[in-house]
Amino acid sequence: MSMNNVGRPTRPEASNDDAGFASLSGGRGLLQDEPLIFELGGWTKTGVDLPDAVPADSALAGLTRDEPIGLPGLSEPEAVRHYVRLSQKNHAIDLALYPLGSCTMKHNPRLNEKMARLPGLSDIHPLQPQSTVQGAIELMDRLAHWLKTLTGMPAVALSPKAGAHGELCGLLAIRAAHEAAGNGHRKTVLAPTSAHGTNPATAAFCGYTVVEIAQTDDGRVDLADLESKLGDHVAAIMVTNPNTCGLFERDVVEIARLTHAAGAYFYCDGANFNAIVGRVRPGDLGVDAMHINLHKTFSTPHGGGGPGAGPVVLSEALAPFAPTPWVVHDDSGYRLVEEAVGPAAQAFGRMSAFHGQMGMYVRAYAYMLSHGADGLRQVAEDAVLNANYVKARLSDLMSPAFPEGPCMHEALFDDAWLEDTGVTTLDFAKAMIDEGFHPMTMYFPLVVHGAMLIEPTETESKAELDRFIDALRLLAEAAKAGETGRFKNAPHLAPLKRLDETLAARKPKLKWKPVAPAPLAAE
Ligand SMILES: *Cc1c(COP(=O)(O)O)cnc(C)c1O
């Protein structure tokens with residue numbers, strides 16, 4: 028096996044193949060071995076033919092580079108093939124079911140893509156005079172309208188660029204509101220033990236101390252524990268609903284009441300809005316701020332597929348502190364409020380340089396219009412139905428973490444059923460790759476031992492769900508039958524086998540040094 032200089036095998040090990048057959052070149056089926064682009068390209072050629080530059084006086088006062096820049100030189104087909112080959116080694120929502128719980132990996136309708144590519148929306152620039160982009164600003168206003176309508180909240184900040192960025196926006200608005208009311212001494216944020224890691228990270232980033240709220244045996248916020256931890260020092264609670272165990276917080280109204288009675292704000296992590304969109308309005312539950320992951324609930328691409336967008340809806344109490352910009356309109360048309368003056372004087376600042384992820388706004392709005400109110404409600408209903416189908420069909424073999432009652436949009440299993448098999452959650456998840464399925468979310472939420480969190484989403488048909496479930500059942504039976512060899516070093520059939528993920532996370536090697544002799548001048 029040859030290794031490149033960062034210790035990554037540059038070709039699959041021959042023993043990858045369980046039948047003992049290995050190709051001569053490192054290829055596999057119709058998939059070729061793929062080196063790094065720098066190993067592929069070399070520096071001595073270039074894929075484009077440009078005329079020689081006309082010598083000109085440099086304005087850089089001697090700071091110009093005189094070494095070659097060291098970019099790989101590839102022809103167009105070489106470059107295209109490189110990236111297509113890499114994409115074949117990875118998983119994508121367009122290949123198969125992507126059961127990552129908490130992530131809501133659902134189909135990205137092609138209609139959204141078509142709309143986002145309309146020249147009037149894709150070829151504009153954020154610095155253009157607003158009079159020339161009235162349609163785009165109107166689209167932002169309409170998207171804002173539907174986000175407010177679906178959540179029952181009076182204001183929305185569109186510009187945050189991810190769920191975590193939305194959390195930051197929400198907490199900054201909460202901090203600004205407390206400071207304006209002379210309550211800057213409130214320095215604690217409460218979050219349940221099952222919270223997504225971004226919640227405590229965001230709170231800590233804003234300078235808050237995070238205190239955990241205990242969970243009940245049935246996977247919900249422990250009200251008595253919450254009540255005992257609320258007080259004059261608490262700025263906000265951060266609660267996900269439906270929560271990360273895939274369960275609706277049925278005491279959410281009481282949670283909001285207790286929080287408000289203690290003078291704190293209720294931040295709701297809305298990443299799981301897909302399960303309740305069109306059915307429940309968070310504003311009616313007493314939420315003060317909630318981010319909406321457009322890239323989850325409203326089907327815009329994410330993961331490796333594109334940038335996210337995390338608009339934050341705000342209650343009446345927090346609305347004055349919303350970050351700029353926002354859209355207003357009157358007889359003269361649509362306009363972005365960009366300066367923190369006049370009616371926007373209390374805005375806490377900005378979340379991003381321009382106006383947010385315009386391409387995501389277009390996709391999310393196209394998705395809303397194509398579904399309509401009834402279609403969006405059906406999204407939530409079908410997502411919940413699909414997750415319960417998965418839970419029902421696997422519960423005889425695997426152990427559901429909360430067997431009582433239905434789940435919401437994701438089915439959560441623990442590893443009790445793997446006891447004494449010698450197979451761990453990690454082994455099981457890796458073996459799914461050999462069966463052609465992306466693993467579910469593993470070891471999250473942390474409150475469930477060896478957690479396996481499966482979120483099928485509404486876009487999977489019963490036939491697809493059955494294929495997935497059948498593969499999991501076969502694997503579960505193999506684990507129980509003691510076939511540990513199938514699991515221990517899985518995946519066996521992937522381009523790379525079991526990787527040391529801890530080492531990769533703790534000591535990532537992010538630099539690549541040329542293995543070839545020093546680069547030659549481009550000419
Ligand atoms: C996805 C997710 C987030 C973070 O959203 P990003 O867009 O990835 O930053 C926060 N909380 C929960 C529960 C999530 O599932």
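Numbering (the working numbering), first residue to last: 28 to 550. All C-beta atoms in this analysis are idealised placements derived from N, C-alpha and C, irrespective of residue type, glycine included. Since we're looking at a predicted model, the values are computed, not measured.
Simplified DSSP assignment, three categories, for residue i
{"i": "Arg108", "result": "helix"}
{"i": "Cys196", "result": "helix"}
{"i": "Pro427", "result": "strand"}
{"i": "Leu523", "result": "coil"}
{"i": "Trp539", "result": "coil"}
{"i": "Asp454", "result": "helix"}
{"i": "Asp315", "result": "coil"}
{"i": "Leu501", "result": "helix"}
{"i": "Met479", "result": "strand"}
{"i": "Asp150", "result": "coil"}
{"i": "Asp461", "result": "helix"}
{"i": "Phe300", "result": "helix"}
{"i": "Leu98", "result": "coil"}
{"i": "Arg308", "result": "coil"}
{"i": "Asp441", "result": "strand"}
{"i": "Thr484", "result": "coil"}
{"i": "Ser178", "result": "Position check: residue 178 holds Thr in this sequence, whereas Ser was assumed. Three-state DSSP puts Thr178 in a helix."}
{"i": "Ala203", "result": "helix"}
{"i": "Ala184", "result": "strand"}
{"i": "Leu166", "result": "helix"}
{"i": "Arg284", "result": "helix"}
{"i": "Phe551", "result": "For residue 551 there is no data in the structure shown, the boundaries of the chain being 28 and 550."}
{"i": "Arg494", "result": "helix"}
{"i": "Asp44", "result": "Low confidence applies here, because Asp44 scores a pLDDT of 49, under 50, leaving its location unreliable; read the following figure in that light. Looking at Asp44 - three-state DSSP - the assignment turns out to be coil, as it is neither helix nor strand."}
Any non-hydrogen atom of ligand 3 within 8 angstroms of residue i CB
{"i": "Asn135", "result": "Of the ligands one can find in the structure shown, namely ligand 1, none is ligand 3."}
Spatial neighbours of residue i in its chain, beta-carbon cut-off 7 angstroms, leaving aside the 5 residues before and after
{"i": "Asp44", "result": "With a pLDDT of 49 at Asp44, under the threshold of 50, the predicted position of this residue should be treated as unreliable, though the coordinate-derived value follows. No residues qualify anywhere along the chain."}
{"i": "Leu124", "result": "Phe464, Pro483, Glu487, Glu491, Phe495"}
{"i": "Thr568", "result": "The question about residue 568 has no answer here: the residues shown for the chain are numbered 28 through 550."}
{"i": "Lys188", "result": "Pro334, Gly335, Ala336, Gly337, Ser379, Gly383, Gln384"}
{"i": "Ala349", "result": "Ala182, Ala184, Ala200, Leu341, Ala374"}
{"i": "Ala207", "result": "Gln373"}
{"i": "Arg513", "result": "Ala458, Ala505"}
{"i": "Ala231", "result": "Val237"}
Residue i and residue j closer than 9 angstroms at C-beta
{"i": "Glu487", "j": "Asn415", "result": "no"}
{"i": "Thr215", "j": "Arg308", "result": "no"}
{"i": "Ser221", "j": "Val474", "result": "yes"}
{"i": "Cys233", "j": "Ala316", "result": "no"}
{"i": "Leu526", "j": "Gly477", "result": "no"}
{"i": "Ile240", "j": "Pro219", "result": "yes"}
{"i": "Lys507", "j": "Leu424", "result": "yes"}
{"i": "Gly273", "j": "Leu453", "result": "no"}
{"i": "Gly54", "j": "Leu98", "result": "no"}
{"i": "Leu253", "j": "Leu285", "result": "yes"}
{"i": "Ile164", "j": "Leu396", "result": "no"}
{"i": "Glu194", "j": "Met265", "result": "yes"}
{"i": "Leu421", "j": "Pro430", "result": "no"}
{"i": "Val354", "j": "Ala171", "result": "yes"}
Close Cβ partners of residue i (< 6 angstroms) along its chain, the five nearest in sequence each way excluded
{"i": "Trp539", "result": "none"}
{"i": "Thr73", "result": "Gly100"}
{"i": "Gly331", "result": "none"}
{"i": "Ala263", "result": "Ile201, Val216, Ala291, Tyr292, Tyr294"}
{"i": "His329", "result": "His322, Gly335"}
{"i": "Asn139", "result": "Arg390, Ala393, Tyr394"}
Exposure of residue i, with buried meaning 16 or more beta-carbon neighbours within 10 Å
{"i": "Gly211", "result": "exposed"}
{"i": "Pro146", "result": "exposed"}
{"i": "Ile201", "result": "buried"}
{"i": "Asn117", "result": "exposed"}
{"i": "Lys418", "result": "buried"}
{"i": "Phe319", "result": "Correcting the residue identity first, residue 319 is Ile in this sequence and not Phe. By the 10 Å Cβ count, Ile319 comes out buried."}
{"i": "Phe325", "result": "buried"}
{"i": "Gln161", "result": "exposed"}
{"i": "Ile96", "result": "exposed"}
{"i": "Val450", "result": "buried"}
{"i": "Ala531", "result": "exposed"}
{"i": "Val314", "result": "buried"}
{"i": "Pro518", "result": "buried"}
{"i": "Pro535", "result": "exposed"}
Chain-order list of residues whose beta-carbon lies under 8 angstroms from that of residue i (same chain, five-residue window excluded)
{"i": "Ala289", "result": "Leu257, Gly258, Asp259, Val261"}
{"i": "Pro136", "result": "Ser326, Ala393, Tyr394, Ser397"}
Neighbour flag for residue i against chain B, beta carbons, 9 angstroms
{"i": "Asp150", "result": "Protein chain content of the structure displayed is limited to a single chain, and chain B is not contained in it."}
Restricting to runs no shorter than 3 residues, where is the beta strand (DSSP E) found entirely within the stretch 212 to 281? Complete beta strand (DSSP E) runs here, min 3: 215 to 219, 236 to 240, 261 to 267.
What residue ranges within the stretch 389 to 420 form continuous alpha helix (DSSP H) runs of no fewer than 4 residues, ordered along the chain? You should have found no qualifying run.
Go through the stretch 329 to 361 residue by residue and report every complete run of the beta strand (DSSP E) that reaches 3 residues or more, in order. Counting whole runs of 3 or more residues, the stretch 329 to 361 contains the beta strand (DSSP E) stretches 339 to 341, 353 to 357.
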